[in-house]
Amino acid sequence: GIQVEQSPPDLILQEGANSTLRCNFSDSVNNLQWFHQNPWGQLINLFYIPSGTKQNGRLSATTVATERYSLLYISSSQTTDSGVYFCAVELGDMRFGAGTRLTVKP
Amino acid sequence: GAGVSQTPSNKVTEKGKYVELRCDPISGHTALYWYRQSLGQGPEFLIYFQGTGAADDSGLPNDRFFAVRPEGSVSTLKIQRTERGDSAVYLCASSLGGTETQYFGPGTRLLVL
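In the order they appear, the protein sequences are chains A and B. Going by the working numbering, the letters in the first sequence line up with residues 311 to 416, in that order. Going by the working numbering, the letters in the second sequence line up with residues 16 to 128, in that order.
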């Protein structure tokens with residue numbers, strides 16, 4: 311089946327710093343989504359981005375489908391950005407990566 | 016409500032018992048998904064409904080797991096003869112169609128003693 315790899319597995323930032331999270335996938339996909347799972351376990355959809363670039367406030371994402379990767383950019387990080395960020399790809403069923411655990415310190 | 020809801024929020028049961036977990040999708044969403052998430056891991060796909068029918072049940076781990084969606088809205092995930100290894104958070108998501116954005120519920124935390 312399709313493999314989804316996220317890096318880094320853990321990331322600690324000082325408030326105000328910028329970061330880039332990466333998602334590599336092993337096959338062409340129909341769909342790619344980025345999610346944030348907050349400390350209470352709720353998964354929040356950030357981007358539906360099978361290709362191209364999107365921005366939403368301090369967050370932006372780019373997917374290069376031909377090279378099978380996606381990047382999530384977080385600028386001016388805040389403590390509320392802490393949690394786990396998941397990339398999920400769809401080719402039939404939806405496959406999640408193992409996530410990047412982000413901790414933003416005040 | 017406006018989002019996906021799941022009940023119960025927590026369920027504790029004993030090994031060997033039967034449990035049912037319920038998911039209410041966003042109104043009008045035809046696609047419904049069940050996932051299972053173990054501690055420290057990403058969600059693992061279980062089953063996908065398009066309308067009333069299971070379009071893909073390849074993620075169900077064995078025949079103790081079964082899910083239904085009889086009227087194309089609410090879905091129930093059923094687990095027979097529960098085992099301690101079934102302990103996890105069971106997540107439900109819905110979307111407008113099969114390749115649209117998925118919206119997740121808060122999950123049901125199942126603990127099998």
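C-beta: ideal position from N, C-alpha, C; glycine also.
Beta-carbon spacing of residue i, residue j below 9 Å
i: B/Thr-123; j: B/Leu-36; result: yes
i: A/Ile-322; j: A/Lys-415; result: yes
i: A/Glu-400; j: A/Leu-342; result: yes
i: A/Trp-344; j: A/Ala-398; result: yes
i: A/Asn-334; j: A/Glu-315; result: yes
i: A/Thr-373; j: A/Thr-389; result: no
i: A/Asp-403; j: A/Arg-378; result: no
i: B/Ser-90; j: B/Phe-64; result: yes
i: A/Gly-311; j: A/Arg-411; result: no
Residue range of the unbroken beta strand (DSSP E) whose run includes residue i
i: A/Thr-413; result: 410-415
i: B/Glu-59; result: 59-65
i: B/Thr-114; result: Element bounds for B/Thr-114: n/a, residue is neither H nor E.
i: A/Arg-405; result: 403-406
i: B/Tyr-33; result: Per DSSP, B/Tyr-33 belongs to no beta strand (DSSP E) and is neither H nor E.
i: B/Asp-71; result: 68-71
i: B/Thr-45; result: Run containing B/Thr-45: none; DSSP gives neither H nor E here.
Reduced DSSP category for residue i - H, G, I as helix; E, B as strand; rest coil
i: B/Ala-17; result: coil
i: B/Arg-51; result: strand
i: A/Ala-375; result: helix
i: B/Arg-99; result: helix
i: A/Asp-337; result: coil
i: A/Thr-390; result: helix
i: A/Ala-398; result: strand
i: B/Thr-22; result: strand
i: B/Leu-125; result: strand
i: A/Thr-363; result: strand
i: B/Arg-79; result: coil
i: A/Ser-370; result: strand
Option nearest residue i by Cα separation, candidates the options
i: B/Gly-100; options: B/Phe-80, B/Asp-39, B/Val-89; result: B/Phe-80
i: A/Pro-318; options: A/Ser-361, A/Tyr-383, A/Gln-365; result: A/Tyr-383
i: A/Pro-349; options: A/Gly-393, A/Ala-408, A/Ala-398, A/Thr-410; result: A/Gly-393
i: B/Tyr-33; options: B/Ile-94, B/Asn-25, B/Thr-67, B/Gly-66; result: B/Ile-94
i: B/Leu-126; options: B/Ser-20, B/Glu-115, B/Glu-29; result: B/Glu-29
i: A/Asn-328; options: A/Arg-368, A/Pro-360, A/Ser-386; result: A/Ser-386
i: B/Ala-108; options: B/Leu-54, B/Leu-128, B/Pro-76, B/Leu-61; result: B/Leu-61
i: B/Arg-51; options: B/Thr-67, B/Leu-128, B/Cys-38, B/Leu-106; result: B/Leu-106
i: A/Asn-366; options: A/Phe-357, A/Val-374, A/Thr-373; result: A/Phe-357
i: B/Arg-84; options: B/Trp-49, B/Gln-56, B/Gly-18; result: B/Trp-49
i: A/Arg-368; options: A/Gly-351, A/Gly-326, A/Gln-352; result: A/Gly-326
Residues from the segment 359-387 of chain A in contact with chain B, defined by Cβ distance under 9 Å: If the cut-off is 9 Å between Cβ atoms, the segment 359-387 of chain A has Pro-360 near chain B.
Scan the segment 69-80 of chain B for residues whose Cβ lies nearer than 8 Å to a Cβ of chain A and list them as they occur along the chain. In summary, the residues of the segment 69-80 of chain B whose CB is separated from some CB of chain A by less than 8 Å are Asp-71, Ser-73, Gly-74, in the order they occur in the chain.
Please list, in chain order, the residues of the segment 388-401 of chain A that have any C-beta partner in chain B closer than 7 Å. Cβ contacts with chain B come from Phe-396, Glu-400.
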